[in-house]
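Counting in our numbering, the sequence shown runs from 79 upward without gaps. Even for Gly, the Cβ is constructed at its ideal location relative to N, Cα and C.
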Amino acid sequence: MLVKPEEFIGYLENNESFIVNYGDRYRHGEPITSSFVESAVNQVVSKRSVKRQQMAWRPAHAQGLLQVRTAVLNEQLRSCFERWYPTLASNEHAHDIAA
Numbered sequence: 079m080l081v082k083p084e085e086f087i088g089y090l091e092n093n094e095s096f097i098v099n100y101g102d103r104y105r106h107g108e109p110i111t112s113s114f115v116e117s118a119v120n121q122v123v124s125k126r127s128v129k130r131q132q133m134a135w136r137p138a139h140a141q142g143l144l145q146v147r148t149a150v151l152n153e154q155l156r157s158c159f160e161r162w163y164p165t166l167a168s169n170e171h172a173h174d175i176a177a
């Protein structure tokens, strides 16, 4: 995909506040690595399989799975299901009785 120089300059101008100035960060002793983000992504993705190897993902399929995994890690999955299925909350009490 080729981009015209004008389009690229427009992109840079429109996204200037999001572009990291690594030189400035380095001079101020701030981290210039994305390893903390990669670690968070690996934590979300690691439960994809019990295998230790990383899996190949198709973007169309990965998005939904990552949303579910993030909801699990944030302890928000049950509240999502309760919004989608209002009778789920009453089923929780039935489960407690059965246990």
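Leaving aside the five residues that flank residue 102 on each side, none in its chain has a CB nearer than 7 Å to its CB.
About 4 Å separates the beta carbon of residue 155 from that of residue 149, a gap short enough to meet the 8 Å contact definition. Scanning 92, 97, 146, 163 for the CA closest to the CA of residue 110 turns up 97. Taken through DSSP and simplified to helix, strand or coil, residue 80 comes out as coil.
Taking each of 100, 89, 145 in turn and checking the Cα distance to residue 108, the smallest one comes out for 100. Judged by DSSP secondary structure, residue 147 falls within the alpha helix (DSSP H) whose first and last residues are 137-151. Between residue 166 and residue 159, the CB-CB gap stays under 8 Å. For residue 115 and residue 90, the gap between their C-alpha atoms comes out near 23 Å.
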